[in-house]
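Q: Mind looking over this structure? Questions follow.
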Amino acid sequence: MDNKDKNAKRNIEKMYKKIQEKWPKMSDDNIKLYEGKKDEFFAKLKEKHNVSKEDAEKKLKDIEKDCCCGTAKAA
36 MDNKDKNAKR
46 NIEKMYKKIQ
56 EKWPKMSDDN
66 IKLYEGKKDE
76 FFAKLKEKHN
86 VSKEDAEKKL
96 KDIEKDCCCG
106 TAKAA
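Under the numbering used here, the residues of the sequence shown are numbered 36 to 110, in order.
Here is the structure:
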């Protein structure tokens, strides 16, 4: 694994930790849905924390920016 891969992995782990801190009822498996099954992720978030998709997306963009993950797409 090169440094770029290690950094990406660290950033994703940091992002998952911040998501867990923000929404503690989300399990690790729920959080992992964010990287491929976003509709399921948002459904779980709504179910467990009653957070709308729109509100969650705003907070997640801030989390991604803070983690330097680069997964947030510019509009």
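Yeah, the Cβ is synthetic: ideal placement off N, Cα and C, and Gly gets one too.
#1: Go ahead and label Lys52 buried or exposed: buried means 16 or more other beta carbons lie within 10 angstroms of its beta carbon, across all protein chains shown.
#2: What are the start and end residues of the alpha helix (DSSP H) that includes Lys96?
#3: Where do the ends of the alpha helix (DSSP H) carrying Lys40 lie?
#4: Buried or exposed for Glu48, please, with buried defined as at least 16 other CB atoms from any protein chain shown within 10 angstroms of its CB.
#5: Using a Cβ-Cβ cutoff of less than 7 Å, which residues in the same chain neighbour Lys94 once the five nearest sequence positions on both sides are dropped?
A: Checking against the coordinates, here is how it stands:
#1: exposed
#2: In the DSSP annotation of this structure, the continuous segment of the alpha helix (DSSP H) that includes Lys96 starts and ends at Lys88 to Cys102.
#3: Note that residue 40 is Asp in the sequence shown here, rather than Lys. Asn38 to Lys57 is the span of the alpha helix (DSSP H), which, as asked, contains Asp40.
#4: exposed
#5: Lys57
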